[in-house]
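Our numbering puts the first residue of the sequence shown at 12, with every later residue one more than the last. Read through the structure below, which is laid out as structure tokens, and then see the notes.
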Amino acid sequence: MAVIPVKGLEAAKSRLRGAVPEDRHPDLVLAMVRDTAVAVLGAGSVAGLIVVTGDPVVAAVVRELGGEVAPDPGAGLNAALRFGADEVAGPAAHRVVLTGDLPALRPGQLDAALGAARSRSFVPDAAGTGTVLLAVPPGELLDPRFGPGSAAAHRASGATPLPGDWPGFRQDVDTAADLAAVLDLGAGEWTRALLGDLGLSRACTPAACSG
Numbered sequence: 012m013a014v015i016p017v018k019g020l021e022a023a024k025s026r027l028r029g030a031v032p033e034d035r036h037p038d039l040v041l042a043m044v045r046d047t048a049v050a051v052l053g054a055g056s057v058a059g060l061i062v063v064t065g066d067p068v069v070a071a072v073v074r075e076l077g078g079e080v081a082p083d084p085g086a087g088l089n090a091a092l093r094f095g096a097d098e099v100a101g102p103a104a105h106r107v108v109l110t111g112d113l114p115a116l117r118p119g120q121l122d123a124a125l126g127a128a129r130s131r132s133f134v135p136d137a138a139g140t141g142t143v144l145l146a147v148p149p150g151e152l153l154d155p156r157f158g159p160g161s162a163a164a165h166r167a168s169g170a171t172p173l174p175g176d177w178p179g180f181r182q183d184v185d186t187a188a189d190l191a192a193v194l195d196l197g198a199g200e201w202t203r204a205l206l207g208d209l210g211l212s213r214a215c216t217p218a219a220c221s222g
């Protein structure tokens with residue numbers, strides 16, 4: 012079972028503000044969540060998706076895509092992840108938590124990562140300091156350490172870093188430079204469409220835009 016936490020659209024991705032006009036910032040956040048959710052739901056190794064959020068717009072979109080929604084407990088990112096993974100999905104299941112800003116993620120990349128996860132494992136972000144995925148087998152608690160320096164924190168907690176390349180998977184979007192990077196890698200349909208409307212999109216190669 013996969014879990015993605017999503018803040019309210021108005022408050023999410025504050026470091027990304029200015030990459031698009033201010034009134035379209037919530038649309039950009041939602042587009043990235045859509046693309047991430049579509050990729051996760053398209054992965055053969057994922058039984059389902061739980062999005063932990065208090066935003067009604069996000070909740071409606073997730074249900075439309077075929078995912079489940081759980082209420083945000085309101086105690087921060089790691090609390091939302093623990094709630095979704097350990098309480099809603101439950102420790103009897105294989106669980107994987109991801110960030111919701113992975114518009115260049117492809118289902119095959121997620122399948123490859125989960126196929127390599129033999130124990131509590133994580134995927135570092137493109138910079139190598141953050142974390143885009145944490146996976147845990149049945150019977151173990153998630154114990155998430157997301158936040159600044161989370162890759163080192165997850166490694167110190169005993170989680171195993173997964174060795175795959177997966178550039179689209181690793182490229183989360185915190186800044187305008189990150190947004191440009193995912194466009195080069197091949198952002199998903201919703202993010203490309205929004206940026207195309209704003210005149211900011213660019214073509215990607217078939218290899219980048221495919222699984």
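Cβ coordinates follow ideal geometry from the N, Cα and C atoms, glycine included.
Asked, Found
"Pair within 8 Å by beta-carbon distance, residue 64 and residue 114", "no"
"contact_flag[the segment 85–93, the segment 174–184] where n(CB pairs < 8 Å) is 3 or more", "no"
"Which residues DSSP lists as bridging residue 79, in chain order", "61"
"Contact under 8 Å by Cβ, residue 88 with residue 141", "no"
"Element boundaries [beta strand (DSSP E), containing residue 145]", "142–147"
"Length-filtered (4 minimum) alpha helix (DSSP H) runs lying within the segment 156–220", "161–167, 178–181, 187–196, 200–208 and 217–220"
"Same chain only: Cβ atoms within 6 Å of residue 110, ignoring 5 sequence neighbours per side", "143 and 183"
"In DSSP terms, what residue 133 is bridged to", "145 and 172"
"Euclidean distance between Cα positions of residue 26 and residue 17", "15 Å"
"Close beta carbons around residue 187, own chain, < 8 Å, minus the five adjacent residues each side", "27, 29 and 30"
"Closest residue to residue 44 among 60, 162 and 105 (Cα-Cα distance)", "60"
"Neighbourhood of residue 162 by C-beta distance below 8 Å, restricted to the same chain and skipping five residues each side", "133, 135, 136, 139, 140, 141, 142 and 172"
"Cβ pair residue 131, residue 169 closer than 8 Å", "yes"
"Assumed close pair residue 20, residue 69 - CB separation to whole angstroms, cut-off 8 Å", "7 Å"
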